[in-house]
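Heads up: the structure comes next, in structure tokens.
Protein chains in written order, with my numbering: chain A, 4 to 270; chain B, 4 to 270.
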């Protein structure tokens, strides 16, 4: 699905929730840990329980790659369970010289049919261009991340602006509001007001609210635009909310809670 | 193998050549294009023909990922053909928040037993730390890349230095000369003199000489230190040097030529 269809789903469901499938075998409920297909059973149940309340699923590729061939198979199968009306994100943080980025674009847009992929900006335009060249696909470029390491480079001054601001300014000219989104971690939600001055129209993928980020209310207040323009991800807070055989129901309830908090922020 | 063993091999072989296995099915010699295991046959023959002249092999993961499950299998199998005395590099350009980078480190240092991996610096220390935490493994961080896009951010001024210089300064403190190398593309070889002032001891992985870079002589002159401290990669110039059934012999000859040019630069 493309960005237009995503916006339509957001308004229909009154939700801009993305569920992050960072599925780690060591964190599965006890009864699934020994199952050969534990990850598949887990992901399928999580998707079934949450799909009504979210508009997007984000697959963190690292957790699947770490299991080698078997993990790659599990990533493919998980992707096949996600309903077509949900926007799929390969959280892969790729980026390399042009002919190599073209291979990564092929990986995630053709071999695996993701709607979008996260990409690192360090190597500049020709490392991002091959992703943008795909029609009806979305490239999500790292802007300001929510980890401590953001202070090392992203929040260092380059001239009169932070590196991450320079990235938003520069990269936003390489694509448009339909094929380009940005990862923006809002540890302090009021930063989003400044970010919205630089990129008023692009969607922002926000890595999380609560513990590591601003409140849902503040992030929405400072970050939303007329299309909502936000995808707020929750991974561990939903998928590992409960460790019993009842895990999927609890995950569904957690997703529903977030959707209900979001629903009143649309007006 | 670790860096000490690499240095020993470099002096024994009088070579600091790395052969890049960016194997693309569409570029295989005609007689292998239709073979189900064309990539495996090709990589095995290239490794056999070049192993005497190089000290390292670099696998560009994008080219394997693009073929999905089959590609992942081919990457594993290719890795198994590389003799233990060659330093193996996963050219993967990964990097994410700490718990995700830990999964990538597991992928390339455990699931696949590479000696080293290339990593992007944008997200800062906690995105690189999980790689450095592995004993006897090497983390190769992007410094200055050789593509046009390097001008967009890497070669922009951050205070009184370029971003890439800030990266070299900062990241070099997170590790040591044994567990940390840097990718440095020398489009103008004299830049290496400046880079050597910032990081005199760390090995540099140089993406190529000739067409896109400085001459082998200049790169060596400005970049080498008492351990040589250079790995110079050649991918397409070796593996696609010939498109006939004789491809492996020609690849071997090309690798030998480079090794011979290198051998006279040791003194």
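The C-beta atom is built at its ideal place from N, Cα and C for all residues, glycine as well.
Assuming residue 91(A) and residue 117(A) are in contact, meaning their beta carbons sit under 8 Å apart, how far apart are those beta carbons, in whole angstroms? 5 Å
If you draw a straight line from the C-alpha of residue 189(B) to the C-alpha of residue 150(B), how long is it? 10 Å
Start and end of the beta strand (DSSP E) containing residue 63(B)? Per DSSP, residue 63(B) belongs to the beta strand (DSSP E) from 59-63.
Closer than 8 Å, Cβ to any Cβ of chain B: which residues of the stretch 61-73 of chain A, in chain order? 63, 65, 66, 68, 69, 70, 71, 72
Would you give the residue range spanned by the alpha helix (DSSP H) that residue 139(A) belongs to? Careful: residue 139(A) lies outside any alpha helix (DSSP H) and carries neither H nor E.
Thinking C-alpha only, which one of 236(A), 73(A), 204(A), 206(A) is nearest residue 218(A)? 236(A)
Around the C-beta of residue 133(B), are 16 or more other C-beta atoms found within 10 angstroms, so that it is buried, or is it exposed? buried
Backbone secondary structure at residue 208(B) - three-state DSSP: strand
Of all the CB atoms in chain A, is at least one closer than 9 Å to the CB of residue 141(B)? It does not: the Cβ of residue 141(B) has no partner Cβ on chain A nearer than 9 Å.
From the DSSP output, in three-state form, read off residue 97(A) for me. strand
In terms of alpha-carbon separation, which member of 259(B), 207(B), 226(B) lies closest to residue 234(B)? 207(B)
What are the complete alpha helix (DSSP H) segments, minimum 4 residues, inside the stretch 34-91 of chain B? Taking only runs of at least 4 residues, the alpha helix (DSSP H) segments lying wholly in the stretch 34-91 of chain B are 41-53, 64-68, 71-84.
What ranges does the alpha helix (DSSP H) occupy inside the stretch 104-160 of chain B, keeping only unbroken runs of at least 4 residues that lie completely in it? 128-135
Can the beta-carbon of residue 160(B) be found less than 9 Å from the beta-carbon of residue 162(A)? yes
In this structure, what does DSSP give as the bridge partners for residue 164(B)? 161(B)
In three-state DSSP terms, what is residue 171(B)? helix
CB residue 16(B) to CB residue 60(B), shorter than 9 Å? Not closer than 9 Å, so no.
In the DSSP assignment, what residue or residues form a beta bridge with residue 184(A)? DSSP output for residue 184(A) lists 143(A) as bridge partner(s).
For a contact meaning CB atoms closer than 8 Å, what does residue 145(B) contact in chain A? 125, 126
Could you give the DSSP three-state label for residue 228(A): helix, strand or coil? In this structure, residue 228(A) counts as strand in the three-state DSSP scheme.
Residues sharing a beta bridge with residue 272(B), DSSP: Any question about residue 272(B) goes unanswered here, given that chain B covers just 4 to 270.
Contact set for residue 28(B): own chain, Cβ-Cβ below 8 Å, skip 5 residues either direction: 36, 41, 42, 70
When you compare only the Cα positions, how much space is there between residue 23(B) and residue 252(B)? 16 Å
So for residue 26(B), helix, strand or coil by DSSP? coil
Return the first residue and the last residue of the alpha helix (DSSP H) that residue 197(B) is part of. 194-201
In chain order, what residues of the same chain lie with their CB nearer than 6 Å to the CB of residue 4(A), ignoring the 5 residues before and after it? Taking residue 4(A) as the centre and dropping the five residues before and after it, the same chain places the C-beta of 90, 118 closer than 6 Å to its C-beta, in chain order.
Which residues in the same chain have their Cβ closer than 8 Å to the Cβ of residue 142(B), if we skip the five residues on either side of it in sequence? 119, 120, 122, 131, 134, 135, 178, 182, 183, 184, listed in sequence order.
Measuring alpha carbon to alpha carbon, tell me which of 231(A), 227(A), 100(A) ends up nearest residue 152(B). 100(A)
Which of the three DSSP states is assigned to residue 265(A) in this structure? Three-state result, residue 265(A): helix.
Within 9 Å of any Cβ in chain B, is that where the Cβ of residue 153(A) sits? yes
Within its chain, find whatever has a CB closer than 6 Å to the CB of residue 65(A); leave out the 5 residues flanking it on each side and keep chain order. none
Taking 9 Å as the CB-CB limit, is residue 203(A) close to chain B? Not closer than 9 Å to any Cβ of chain B, the Cβ of residue 203(A) fails to qualify, so no.
Looking at residue 228(B): is its Cβ nearer than 9 Å to the Cβ of residue 203(B)? yes
Pick helix, strand or coil for residue 255(A), following the three-state DSSP scheme. helix
At the 9 Å Cβ level, is residue 234(A) part of the contact set with chain B, yes or no? no
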